[in-house]
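Each position in the sequence shown, counted from 1, maps to that position plus 1081 in my numbering.
In what follows, a structure is listed as structure tokens, so that the remarks can point back to it.
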Amino acid sequence: MPELAVVAPTYNEAENVRPLLDVLEVALVGIDFEVIFVDDDSPDGTADVVRSISQRSPHVRILQRINRRGLASAAVEGAMASSAPYVAVIDADLQHDERILPVMLARMKTNNLDLVIGSRNVGDGSMGEFSANRVRLSSFGRWLSGIACKASISDPMSGFFIVRREYLEEVVRSMSNRGFKILVDLVASSERPVRFEEVGYTFRNRIHGESKLDITVGIEFIELLLDKKFGRFVPVNYLMFAGVGSAGVLLHLAIMTALLRPGLSFATAQVISSSIVIAFNFMLNNLVTFRSARLRGIQFVRSFLIFYVACIIGLVTNVELARFLQANGLQWYLASAFALFVGSVWNYWISEIFVWRVSQRRKRLRAREVTRRAEPIEAELN
Ligand code: GDD
Ligand code: MN
């Protein structure tokens, strides 16, 4: 049985599969290991490349996921597909320095650790030729993740580490599995302090293919942190929705200030500004909060109108409720805040059910999956 499973998530890395296996063979001499590529059905045929290699090398395996995306969940599922006592997670694009893996494994065993992290910020480690902006982004991420993690990790953004299977089993059911940043998830999901050490390495440049890092990665990271911090009490999606709403309130105040200056009447200004802000909120929610159910074309227009009507109903309810509560002796700020909260829950509820129709979409997806599974059987019967 292999002692070490090396899990490499891939998306469009066909050209990197062979080179990665070559360098791993060299780095891991004397260690009994297997390599599991977890590929999200990439169009460049990465999975086929792995399959053809594994015909001859049984220690190389593929886990091909269909209709799925996500680096963090890919790493976890690859780890769960093996029974090795130690699991290494490494990028397939050769940017992580595989030569420190034996050092990491040795540390893990001698010091009886849960986790050994390949870090760009300790010892000989460095960001390599990262642009100044990526370095800044990375330190901002580090600062943010400090809020969710109880451990002080020098490189929480790292996707390069070895984890002990028992520790993984301990935390895997509490993980959020959202997005890119698996290490933060792993450590923040732990009930107890994690026993870890870090080993420095220099982040290499990518030779083949391109990075999948984009704005979505940032949004998913924020969602992950919110989930870890508040997920037990409120759905993360509602928090995102409320965040968008708060941005809308700020925008509203700015527009009102601008409109009142030229002497527009308060009511006119309020109507103009509210219309703009509702449109702004709709766009932002479509881009961020409900991005997995993003609306386009005619659906966009139809849902926009529903959203408008719902927001106006929400607004009227909000004002009436606040007035009612205040008339019945509640402090004005409590009445106002409570009514605002009720209004936002109302808007969220309508948005989820009638505007972006999240549950209907899920049902449709599930139905499609079932028919697809049934098709080959029917074909056989005919
Ligand atoms: N299965 C799967 N699904 N794999 C994915 C997906 C996905 O949706 N997205 C990316 N990958 C794979 C890539 O193919 C690559 O092997 C690895 O995950 C890292 O993706 P890159 O797109 O190369 O990430 P990066 O170089 O920008 O980010 C790296 O830097 C971070 C440190 O700031 C990664 O190493 C991260 O793991 C690391 O945390
Ligand atoms: Mn990369």
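For every residue, glycine included, the Cβ atom is placed at its ideal position computed from N, Cα and C.
Can you tell me whether residue i is buried or exposed? The criterion is at least 16 other CB atoms within 10 Å of its CB, across all chains shown.
i       : result
SER1432 : buried
PRO1090 : buried
HIS1289 : exposed
ARG1377 : exposed
PHE1388 : buried
LYS1309 : buried
SER1220 : exposed
MET1082 : exposed
GLU1115 : buried
GLY1395 : buried
LYS1231 : exposed
ARG1287 : exposed
ALA1086 : buried
ARG1454 : In this prediction, ARG1454 has a pLDDT of 46, which is less than 50 and means its spatial position is unreliable; what the coordinates show is noted afterwards. Looking at its Cβ environment, which holds fewer than 16 other Cβ atoms inside 10 Å, ARG1454 is exposed.
ALA1460 : Below a pLDDT of 50, predicted positions are generally treated as unreliable, and ALA1460, at 43, falls in that range; no measurement from the model is reported.
ALA1335 : exposed
Less than 7 Å separating the beta-carbons of residue i and residue j?
i       : j       : result
THR1370 : MET1337 : no
ARG1180 : ALA1229 : no
TYR1092 : ASP1113 : no
ASP1241 : ILE1171 : One detail in the question is off: residue 1241 reads as Phe in this sequence, not Asp. Yes.
ILE1134 : VAL1141 : yes
HIS1333 : SER1354 : yes
HIS1275 : VAL1265 : According to the sequence displayed, residue 1275 carries Val and not His. Cβ distance not < 7 Å, so VAL1275 and VAL1265 don't count as in contact.
ILE1198 : SER1239 : yes
ALA1155 : VAL1119 : yes
VAL1157 : ILE1143 : no
PHE1277 : LEU1194 : yes
Which residues bound the alpha helix (DSSP H) around residue i?
i       : result
PRO1274 : Premise fails: PRO1274 is in no alpha helix (DSSP H) and is neither H nor E.
ARG1246 : 1246-1252
LEU1144 : Element bounds for LEU1144: not the alpha helix (DSSP H) but the beta strand (DSSP E), 1141-1145.
PRO1183 : 1182-1191
TRP1427 : 1413-1431
ARG1223 : 1213-1229
PHE1363 : 1347-1368
ARG1285 : Element bounds for ARG1285: n/a, residue is neither H nor E.
ILE1393 : 1378-1408
I want to see whether chain B comes within less than 7 Å of residue i, judged by CB atoms only; does it?
i       : result
THR1191 : Judged by its chain identifiers, the structure shown contains no chain B, having just a single protein chain.
Could you pull the start and end residues of the beta strand (DSSP E) that residue i belongs to?
i       : result
TYR1167 : 1167-1170
ASP1121 : From DSSP, ASP1121 is part of no beta strand (DSSP E); its letter is neither H nor E.
PRO1100 : Run containing PRO1100: none in the beta strand (DSSP E); it sits in the alpha helix (DSSP H), 1095-1108.
LEU1196 : 1196-1200
THR1127 : Element bounds for THR1127: not the beta strand (DSSP E) but the alpha helix (DSSP H), 1127-1135.
LEU1340 : No beta strand (DSSP E) holds LEU1340; the alpha helix (DSSP H) holding it covers 1317-1341.
ALA1086 : 1085-1091
So which of the options has the shortest CA-CA distance to residue i?
i       : options                            : result
LEU1196 : GLU1179, TYR1248, PHE1347          : TYR1248
ASN1202 : ALA1416, LEU1415, GLU1279, VAL1131 : GLU1279
ARG1254 : MET1238, PRO1237, GLU1272, VAL1216 : GLU1272
GLY1206 : ILE1147, THR1191, GLY1424, ARG1285 : ARG1285
GLU1096 : ASP1129, VAL1087, GLU1106, ALA1086 : ASP1129
ARG1137 : LEU1102, VAL1157, GLU1158          : LEU1102
ASP1125 : PRO1139, GLY1151, VAL1098, GLU1106 : VAL1098
GLY1326 : ILE1300, ASN1362, CYS1392, PHE1302 : ASN1362
GLY1159 : VAL1352, ASN1258, VAL1397          : ASN1258
ARG1375 : SER1226, PHE1405, TRP1437, ALA1187 : TRP1437
MET1208 : ASP1236, SER1123, GLY1151          : ASP1236
PRO1166 : PHE1211, GLU1084, ASN1192, ILE1234 : GLU1084
GLY1111 : LEU1182, ALA1162, GLN1176          : LEU1182
GLN1176 : GLU1094, THR1127, MET1185, GLU1251 : GLU1094
ALA1420 : THR1191, GLY1410, TYR1429, LEU1406 : LEU1406
GLY1424 : THR1398, ALA1173, GLY1151, ASN1409 : THR1398
SER1123 : ALA1339, LEU1294, ARG1342, GLN1145 : GLN1145
**Asked** Around ligand 2, what residues have a beta-carbon under 7 Å from a heavy atom of it, in chain order?
**Response** Those residues, listed in chain order, are ASP1172, ASP1174, GLN1176, ARG1287, SER1292.
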